[in-house]
Amino acid sequence: MGDWSDYFEDFPEENPANWVNGQFDPGLAARLREQSSHNNEAQAKANAELNEMIAKAKQETKARSLLLVEDCPQCGLKELNTYKISEKFYLCECQECGIFGNGTTHEKALERTKEALGEGLDWREGSLY
Ligand SMILES: [Zn+2]
Numbered sequence: 046m047g048d049w050s051d052y053f054e055d056f057p058e059e060n061p062a063n064w065v066n067g068q069f070d071p072g073l074a075a076r077l078r079e080q081s082s083h084n085n086e087a088q089a090k091a092n093a094e095l096n097e098m099i100a101k102a103k104q105e106t107k108a109r110s111l112l113l114v115e116d117c118p119q120c121g122l123k124e125l126n127t128y129k130i131s132e133k134f135y136l137c138e139c140q141e142c143g144i145f146g147n148g149t150t151h152e153k154a155l156e157r158t159k160e161a162l163g164e165g166l167d168w169r170e171g172s173l174y
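Counting in our numbering, the sequence shown runs from 46 upward without gaps.
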């Protein structure tokens with residue numbers, strides 16, 4: 046054991062791992078650590094499955110709700126998809142350059158997309174839907 050663990054044995058309140066939400070509570074901290082190591086693996090698996098399901102459902106919704114494809118204001122290619130996700134949720138996403146924007150109507154979504162010109166947006170790195 047190194048110097049630090051000896052030191053923390055003598056001064057447990059100096060060990061940040063013994064604090065929970067600003068309270069010195071080594072017992073609770075140890076229980077939480079144990080719980081989280083048990084849960085992490087199952088939780089990570091559940092999260093991955095859930096994310097996959099959500100991604101798939103969203104893809105299906107997008108495929109279903111594609112309203113039109115038009116010229117992208119940023120890259121100029123006819124790759125700007127507009128989806129009507131719901132009555133008041135229109136979403137433009139360029140399949141080429143990644144720019145996007147949303148609005149309560151197609152016009153507003155397109156306007157928002159144009160306002161985002163040059164901002165380096167990419168819906169694939171964090172979609173609005
Ligand atoms: Zn584009």
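Ideal Cβ placement from N, Cα and C applies to all residues, glycine included.
Sub-7 Å separation of residue i and residue j beta-carbons
i	j	result
residue 127	residue 146	no
residue 139	residue 125	yes
residue 112	residue 173	no
residue 166	residue 144	yes
residue 84	residue 71	no
residue 110	residue 129	yes
Span of the alpha helix (DSSP H) around residue i
i	result
residue 112	Run containing residue 112: none in the alpha helix (DSSP H); it sits in the beta strand (DSSP E), 111-115.
residue 50	48-55
Whole-angstrom distance between residue j and residue i, CA atom to CA atom
i	j	result
residue 114	residue 87	41 Å
residue 164	residue 171	14 Å
residue 75	residue 95	29 Å
residue 68	residue 58	10 Å
residue 66	residue 77	12 Å
residue 56	residue 97	46 Å
residue 131	residue 99	17 Å
residue 89	residue 104	22 Å
residue 148	residue 50	56 Å
residue 101	residue 48	51 Å
residue 107	residue 79	41 Å
residue 152	residue 81	47 Å
Neighbourhood of residue i by C-beta, 7 Å cutoff - its chain only, sequence neighbours within 5 removed
i	result
residue 168	138, 143 and 145
residue 150	135
residue 46	The predicted position of residue 46 is uncertain, since its pLDDT is 49 and thus under 50; no value can be drawn from it.
residue 53	59 and 60
Residue from the options with nearest C-alpha to residue i
i	options	result
residue 161	119, 148, 151 and 152	119
residue 116	107, 155, 105 and 82	155
Close Cβ partners of residue i (< 6 Å) along its chain, the five nearest in sequence each way excluded
i	result
residue 91	none
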